[in-house]
């Protein structure tokens, strides 16, 4: 069987509109404490360019089966002129999130009448640590703190 090098098959670099998200590319060790789960949580996240550079592909997982493994595809949405993330997880959930990046802060959010979320990623000056603040709301209630995570570049 012939081995195919995907980078040679799709030689273009990242879409210039996605270039600011390059700070995410790499492998991350994830640490968290959740108010409803005993002990610390450990996990991982990887971000890489999808062949062709038009999307950023992310995979996540935790050491606790109560937290789903995730697969995300981030791209530029021509209709809105902004970033969008399509999220899929091991529970079978599919969700769409909008994204903004300002300076060293990346925000993901979804406003849904049943369950809204906002994730705020704050990058360290050297880009090797991310403090992630997660918020949630059910119904029309205001967003409230869910839990926090720390990403450290491997």
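In the working numbering, the protein residues as written are 267 to 420.
Note that beta-carbon positions come from the ideal geometry of N, C-alpha and C, so glycine has one too.
- For residue 410, the enclosing beta strand (DSSP E) starts and ends at 410-419.
- Under the DSSP assignment, residue 297 falls in the beta strand (DSSP E) whose first and last residues are 292-299.
- It is roughly 10 Å from the alpha-carbon of residue 392 to the alpha-carbon of residue 370.
- Remark: C-beta atoms of residue 338 and residue 307 do not approach each other more closely than 7 Å.
- The beta-carbon separation of residue 384 and residue 409, rounded to 6 Å, stays under the 8 Å limit for a contact.
- DSSP places residue 376 in the uninterrupted beta strand (DSSP E) bounded by 371-376.
- Around the beta carbon of residue 359, fewer than 16 other beta carbons lie within 10 angstroms, which makes this residue exposed.
- Fewer than three beta-carbon pairs drawn from the stretch 318-335 and the stretch 398-406 are found closer than 8 Å, and the two stretches are therefore not classed as touching.
- Counting along the chain, the unbroken beta strand (DSSP E) around residue 404 starts and ends at 395-404.
- A straight line joining the alpha-carbon of residue 411 with that of residue 269 spans about 47 Å.
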